[in-house]
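Everything on this sheet refers to the single structure shown next.
Number of protein chains: 4
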Amino acid sequence: MIIVMQKGAAETQIEGVVRRIKELGLKAHLSRGEFKTIVGVIGDETLLRPELFAGLGGVESVMPIMKPYKLASRDFHAEDTVLEIGPYRLGGSALGVIAGPCSIESEASFREAAVAVREAGATLLRGGAFKPRTSPYSFQGLGEEGLRILQAVGAEVGLPTVTEVMDVRDLEAVARYADVLQVGARNMQNFRLLTEIGHLRKPVLLKRNSAATIEELLMSAEYVLSEGNRQVILCERGVRGFEPSTRYTLDLSAVPNLQGVTHLPVIVDPSHATGRRDLVVPMALAAVAAGAQGIMVEVHPCPEKALSDGPQQLGFEAFATMMKEVAAIAKAVGRTLQTPVKQTS
Amino acid sequence: MIIVMQKGAAETQIEGVVRRIKELGLKAHLSRGEFKTIVGVIGDETLLRPELFAGLGGVESVMPIMKPYKLASRDFHAEDTVLEIGPYRLGGSALGVIAGPCSIESEASFREAAVAVREAGATLLRGGAFKPRTSPYSFQGLGEEGLRILQAVGAEVGLPTVTEVMDVRDLEAVARYADVLQVGARNMQNFRLLTEIGHLRKPVLLKRNSAATIEELLMSAEYVLSEGNRQVILCERGVRGFEPSTRYTLDLSAVPNLQGVTHLPVIVDPSHATGRRDLVVPMALAAVAAGAQGIMVEVHPCPEKALSDGPQQLGFEAFATMMKEVAAIAKAVGRTLQTPVKQTS
Amino acid sequence: MIIVMQKGAAETQIEGVVRRIKELGLKAHLSRGEFKTIVGVIGDETLLRPELFAGLGGVESVMPIMKPYKLASRDFHAEDTVLEIGPYRLGGSALGVIAGPCSIESEASFREAAVAVREAGATLLRGGAFKPRTSPYSFQGLGEEGLRILQAVGAEVGLPTVTEVMDVRDLEAVARYADVLQVGARNMQNFRLLTEIGHLRKPVLLKRNSAATIEELLMSAEYVLSEGNRQVILCERGVRGFEPSTRYTLDLSAVPNLQGVTHLPVIVDPSHATGRRDLVVPMALAAVAAGAQGIMVEVHPCPEKALSDGPQQLGFEAFATMMKEVAAIAKAVGRTLQTPVKQTS
Amino acid sequence: MIIVMQKGAAETQIEGVVRRIKELGLKAHLSRGEFKTIVGVIGDETLLRPELFAGLGGVESVMPIMKPYKLASRDFHAEDTVLEIGPYRLGGSALGVIAGPCSIESEASFREAAVAVREAGATLLRGGAFKPRTSPYSFQGLGEEGLRILQAVGAEVGLPTVTEVMDVRDLEAVARYADVLQVGARNMQNFRLLTEIGHLRKPVLLKRNSAATIEELLMSAEYVLSEGNRQVILCERGVRGFEPSTRYTLDLSAVPNLQGVTHLPVIVDPSHATGRRDLVVPMALAAVAAGAQGIMVEVHPCPEKALSDGPQQLGFEAFATMMKEVAAIAKAVGRTLQTPVKQTS
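Take a look at the structure:
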């Protein structure tokens with residue numbers, strides 16, 4: 000950590016900063032420039048917070064030089080983390096495709112979607128049972144009945160499953176029924192939920208909040224990792240921008256940006272990011288070209304009749320066509336889609 | 000709701016839209032322009048969602064003409080909601096001042112702050128017991144011991160209290176100890192928490208998420224209101240912007256903007272919005288001039304030693320000076336600060 | 000255009016709106032709902048501005064239903080515009096690759112770069128002569144001497160050239176030396192410059208301003224088109240976002256989003272968008288996968304010694320490697336890179 | 000400037016950085032931490048750019064510790080700059096009020112507005128002759144005829160005048176007719192225009208671009224200052240945000256933020272920032288409370304009939320009422336409005 004003193008800071012103020020550093024068990028290193036004095040902190044700054052110094056007299060600015068996350072960092076773990084989820088891998092060079100309807104609306108329609116996405120080559124089945132909805136008057140999901148359907152259909156078609164957990168009180172149930180727990184963008188900084196998930200030994204798919212920086216996303220992952228659960232998947236799903244014609248602004252540069260600093264798998268959700276069916280496919284292909292280790296796409300038997308997010312869900316045919324293009328792009332960048340397993344019965 | 004059909008939409012597509020409207024128990028009204036056909040929906044659209052139509056064939060865009068919130072709207076309740084919190088009012092022309100340290104660090108230091116802010120004219124005492132922290136390695140608050148201190152000191156100095164609840168599992172305890180429950184910006188769309196708070200009959204201070212629109216904030220308020228709890232205070236505390244020298248961008252225009260469409264009290268938190276002591280006072284004064292019905296300011300006996308948010312907390316003297324300026328501005332815009340009650344013993 | 004009247008708007012206010020519509024030579028169509036009255040405007044609204052109605056008494060909101068641009072729209076010109084630039088095409092299914100150094104620093108180094116990018120398969124040579132720099136103390140470009148070098152080297156290697164024009168007073172000179180005129184992001188709404196360029200009959204590469212919506216970009220294109228110059232190329236180069244680790248946030252969804260509403264070619268500049276060499280290649284590949292009709296990449300003989308934008312420029316080897324990957328992705332999405340022409344001597 | 004080397008950077012890479020520093024005539028200072036090596040640059044870094052180092056091998060990040068602007072900085076000029084504009088002052092504790100219609104539409108209506116704003120206490124008369132309009136089909140202003148009206152009416156009512164210059168070719172004419180030159184937000188980084196204005200000795204009102212940081216605004220001011228024109232007024236007029244119900248997001252914290260680092264006067268334009276009449280007055284009051292040294296408000300004889308920006312212009316009565324509130328707030332924060340001069344005849 001580098002502490003820049005104000006021009007003309009008093010000697011006693013500089014001493015105050017040095018004293019605080021020593022109190023924290025670290026060493027200080029002074030560098031007196033022509034205009035300003037700089038104090039360097041020597042030692043492990045992982046546990047330091049800039050605010051310990053920013054409020055001291057005479058301090059102009061505080062610049063961390065180490066990342067505030069540790070377990071999520073490539074400095075700590077250089078190799079890509081590769082997760083085993085059912086018969087598939089996610090991370091490294093393995094490309095995962097998560098697909099299924101936004102919400103589970105009925106067992107029949109969910110089965111229909113599950114069969115279709117497996118046939119087209121998906122490796123993980125998604126479906127919402129507990130739905131975060133902006134309006135209290137919107138469809139809120141089937142709840143535990145939805146979880147039961149998810150598990151039953153997943154087993155039937157031979158795909159591992161992922162679904163969102165919104166409430167610590169549901170955690171035990173969701174973990175019992177699903178293979179991967181999803182933490183939604185709105186809960187990315189629900190720190191109590193993250194801590195509880197950290198106690199499990201199940202993969203968690205952590206979505207980036209629409210106002211979160213790359214570093215904040217990694218700090219949220221650190222909550223899970225620091226409790227002992229090392230199976231975290233990061234998901235870019237759009238940041239809040241000013242463009243009125245899309246729901247969010249998909250920040251695809253987050254993919255290589257994250258991959259440069261973390262070993263965790265990074266996937267992209269073009270459905271929620273854009274909110275528009277005509278943009279989902281181009282953005283899914285772009286995500287794969289950018290190096291994403293997975294994509295998550297909403298697929299519905301009849302998007303026009305979906306109870307939630309109809310305008311962004313793909314029909315079966317559009318999804319199957321997209322998968323062929325995904326495969327071609329994946330090959331172009333030296334990756335291969337994993338072979339779908341046969342139905343387990 | 001207005002549904003604009005694409006140029007050249009087929010007659011059967013127009014009929015499809017009309018059929019869907021009728022299925023929902025509403026009436027359709029067609030207007031065929033030179034270039035495009037417009038379908039108007041007649042009836043109560045409060046429960047309609049644009050996505051029910053956006054996915055239909057031939058639809059170009061869907062424009063709601065009624066607000067998606069109801070109980071929070073001035074259309075539903077024209078007069079300002081004025082809450083009674085202990086011996087003070089909040090809302091309408093009454094100006095509330097919420098002050099206290101970011102976190103409760105010890106009973107002694109909290110008492111010191113409480114006495115100081117009451118003397119300077121605060122009407123509500125704040126102090127964090129459960130702290131949402133970006134890093135798992137930062138101070139997380141004293142927990143229930145903090146709640147106990149909050150209640151004891153509040154009673155001692157005669158100020159009602161407000162503190163944050165982060166987890167549904169803590170709700171019962173927080174509601175037992177505090178007079179007002181705060182929902183932090185990161186939990187603004189924790190819908191399960193909002194629903195549970197809706198079952199209480201206690202005031203809730205709901206902070207705007209840094210990526211939330213005015214409408215999304217009001218939809219979150221609607222979650223609480225629709226469960227029967229009508230005591231919601233809205234708080235602007237900065238939106239995520241691109242300026243690197245402040246923590247957030249305080250959106251003060253949200254104050255009159257919200258007051259135009261809702262009857263709920265609107266307050267401003269300049270401390271979290273700016274993250275900088277030198278900006279807190281000017282922004283607090285600006286908030287009062289803009290018509291805010293309250294301000295919430297962090298005050299600490301010794302900001303330089305605070306365990307959290309040191310750089311943005313005011314010392315006692317700075318707070319007392321600010322309160323004199325707040326009083327002058329309040330008077331200039333036809334409002335008066337409420338008289339502090341005497342110590343209750 | 001749809002005009003929504005406030006709940007309880009007076010009959011005279013509704014009449015006022017209808018009168019204004021008639022004054023403008025258009026027809027009004029009233030629809031009285033249960034709660035609100037809606038006034039539809041029938042006729043060509045292209046020349047209408049919402050503000051003609053937004054200020055009238057009793058008006059709640061004004062919603063345009065037609066796009067405010069005309070010549071840039073697919074409604075006006077359904078087929079993709081394909082430009083012929085020297086021996087290459089840009090637009091439709093032809094993929095253009097624009098490459099070269101940020102600034103022209105000397106004839107020798109520019110020639111070196113030109114030869115390298117042509118060998119690797121670029122179809123257009125870029126190089127800045129007039130440089131927009133945030134600081135008055137930074138290198139401002141070689142000016143007209145730079146233009147001369149650009150033209151000479153372009154002719155030598157057989158590549159058409161593109162360079163930025165910052166000032167109407169330079170327009171004549173830039174148009175004399177270069178094949179394509181670039182309007183930088185900071186000048187996207189320099190309407191006087193756009194109008195003058197509209198009088199030329201040369202291709203213009205118009206960069207999206209970092210705060211411009213899709214619609215604003217198209218309105219700026221409309222300035223050029225409406226003066227008679229139909230050769231406009233649109234370029235996405237990042238929007239202003241809150242992420243501190245990249246210079247801008249590249250909005251790749253703008254590519255299919257624009258292509259849905261306009262016939263003009265859309266290209267992507269990953270160099271300026273990210274400002275980081277490690278992100279340029281993944282984002283270039285992603286742009287091609289998303290359907291961009293061209294990419295523009297900064298290439299320098301020795302990026303570490305560049306006088307401007309060193310950290311984002313690629314070396315020759317990195318560019319050549321990228322071009323192989325670009326070709327593979329292009330093929331995967333059914334496109335082919337154009338064959339480089341032989342040196343013209 | 001602090002250069003942080005990557006963990007494990009080679010000794011030759013560190014030497015490369017040190018060599019570059021010495022080549023630039025500055026001294027290097029090494030600090031080897033437990034994890035990373037830090038290189039400090041000693042000497043005047045004003046002319047250094049981070050990119051001179053960011054591209055070097057082994058460099059992780061480059062952190063400037065001095066501001067990149069000099070003449071605009073309080074370090075260079077500690078006292079507030081106070082401008083004399085006709086019989087009024089702007090800057091320091093003097094509060095200026097700039098008012099008038101968005102565009103000059105006719106001599107009669109402009110005179111009517113000028114008389115009204117002078118009577119209500121304005122100190123500077125605004126009126127657009129050259130209008131930057133998003134659409135080529137919108138009213139573009141009266142041009143030089145507008146300038147003539149501006150000058151004639153200003154002289155008549157005894158108010159100095161301000162108007163926008165959009166094009167270097169108009170600069171001479173605008174400078175001949177008007178007392179203050181305005182550079183609009185869209186031209187904030189039109190560096191050629193800024194340089195030319197720097198050659199004049201007239202006050203310039205420089206508006207912050209909607210995507211510009213505080214530092215970028217000051218760098219643009221530096222373009223003018225470094226050419227010798229020291230009369231620069233900075234104007235906050237809203238940044239691009241995600242809220243759909245206002246045109247921009249007014250960043251009022253920019254006022255004290257700027258005043259902390261620069262000696263130049265800072266004013267606020269609530270009309271363009273919000274685009275809504277109901278928000279203009281609260282934001283004007285808030286600006287004064289926040290310490291702005293001036294406000295700029297659009298006033299029109301009949302806002303409902305304005306040829307541009309009707310929805311945001313105030314009528315005469317609303318403006319006069321606002322001025323009384325402005326005076327009360329100004330007094331509350333220890334300032335006084337300047338006495339309007341008598342008509343000069």
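Chains A, B, C and D are the protein sequences, given in the same order.
Just so you know, we're using numbering that gives the first Met the number 0 here: the first sequence kicks off at 0 and counts up by one.
Just so you know, we're using numbering that gives the first Met the number 0 here: the second sequence kicks off at 0 and counts up by one.
Just so you know, we're using numbering that gives the first Met the number 0 here: the third sequence kicks off at 0 and counts up by one.
Just so you know, we're using numbering that gives the first Met the number 0 here: the fourth sequence kicks off at 0 and counts up by one.
Heads up, the beta-carbon is just placed ideally off N, CA and C, and yes, glycines get one too.
The structure presented is a predicted model; accordingly, all values stated were derived computationally and were not measured.
Out of the options, state which residue places its alpha-carbon closest to the alpha-carbon of residue i.
i: Gly-39/B; options: Arg-48/C, His-28/C, Pro-49/C; result: His-28/C
i: Leu-284/B; options: Gly-333/D, Arg-207/D, Ala-107/D; result: Gly-333/D
i: Arg-125/D; options: Gly-90/D, Pro-255/D, Ala-115/D; result: Ala-115/D
i: Ile-294/D; options: Ser-108/D, Val-260/D, Met-321/D, Ala-305/D; result: Met-321/D
i: Glu-143/A; options: Lys-201/A, Gly-85/A, Glu-155/A, Phe-129/A; result: Phe-129/A
i: Val-16/C; options: Gly-32/C, Val-61/C, Phe-190/C; result: Val-61/C
Which residues in the same chain have their Cβ closer than 7 angstroms to the Cβ of residue i, if we skip the five residues on either side of it in sequence?
i: Glu-303/A; result: Gly-309
i: Ala-9/B; result: Gly-57
i: Val-279/B; result: Pro-269, Ser-270, Thr-273, Val-296, Gln-311, Leu-313
i: Lys-35/D; result: Val-3, Met-4, Lys-6
Does the beta carbon of residue i sit closer than 9 angstroms to a beta carbon anywhere in chain C?
i: Glu-33/B; result: yes
i: Arg-185/D; result: yes
Using a beta-carbon distance below 9 angstroms, is residue i in contact with chain B?
i: Ser-344/D; result: Because Ser-344/D carries a pLDDT of 40, less than 50, the predicted location of this residue cannot be relied on, and the following value inherits that uncertainty. Answer no: the Cβ-Cβ gap between Ser-344/D and chain B never drops below 9 angstroms.
i: Ser-108/A; result: no
i: Arg-355/A; result: Residue numbering for chain A in the displayed model covers 0 to 344; residue 355/A lies beyond these limits and cannot be assessed.
i: His-262/C; result: no
Using beta carbons (cut-off 9 angstroms, strictly below), is residue i in contact with chain D?
i: Ile-328/A; result: no
i: Lys-69/A; result: no
i: Glu-345/B; result: Outside the modelled stretch of chain B, which goes from 0 to 344, sits residue 345/B, for which no answer is possible.
i: Arg-132/C; result: yes
i: Val-3/A; result: yes
Can you find the residues in the same chain that come closer than 6 angstroms, C-beta to C-beta, to residue i, ignoring five residues on each side of it along the sequence?
i: Arg-207/C; result: Leu-216, Glu-235
i: Gly-145/D; result: Ile-103, Ala-128
i: Ile-148/D; result: Ile-103, Glu-106, Phe-109
i: Ile-20/D; result: Ala-27, Val-40
i: Leu-170/A; result: Val-164, Glu-195
i: Gln-346/C; result: A query on residue 346/C cannot be resolved here, the shown segment of chain C reaching from 0 to 344 and no further.
i: Ala-319/C; result: Ala-119
Taking C-beta pairs closer than 7 angstroms, name the residues in chain B that residue i reaches, listed in chain order.
i: Phe-241/C; result: Arg-239, Gly-240, Phe-241
What residues of chain D sit near residue i, judged by a beta carbon separation below 9 angstroms?
i: Phe-346/C; result: The displayed coordinates of chain C run from 0 to 344. Any statement about residue 346/C would go beyond what the structure contains.
Show which residues of chain C have a CB atom less than 8 angstroms away from the CB atom of residue i.
i: Ser-137/D; result: Arg-48
Against residue i, what residues of chain C qualify as contacts under a CB-to-CB distance less than 7 angstroms, listed in chain order?
i: Gly-290/A; result: Pro-281
Check the Cβ of residue i against every Cβ in chain B and list those closer than 8 angstroms, keeping chain order.
i: Val-287/D; result: Ala-288
By the criterion of Cβ-Cβ separation under 8 angstroms, what are the contact partners of residue i in chain D?
i: Asp-250/B; result: Gly-240, Glu-242, Thr-248, Leu-249
Consider the Cβ of residue i: report whether some Cβ of chain A lies at a distance smaller than 9 angstroms.
i: Thr-335/C; result: no
i: Val-332/C; result: yes
Original post:
Using 8 angstroms as the threshold, is the segment 119-135 of chain A in touch with the segment 86-100 of chain A, meaning 3 or more CB pairs across them?
Top reply: Yes, they touch.
Examine the Cβ distances between the segment 182-198 of chain C and the segment 211-231 of chain C and report whether three or more of them are shorter than 8 angstroms.
Counting Cβ pairs under 8 angstroms, three or more are found: they touch.
Any 3 or more C-beta pairs closer than 8 angstroms across the segment 196-203 of chain C and the segment 195-210 of chain D = The way I'd put it, the segment 196-203 of chain C doesn't touch the segment 195-210 of chain D; fewer than three beta-carbon pairs between them come closer than 8 angstroms.
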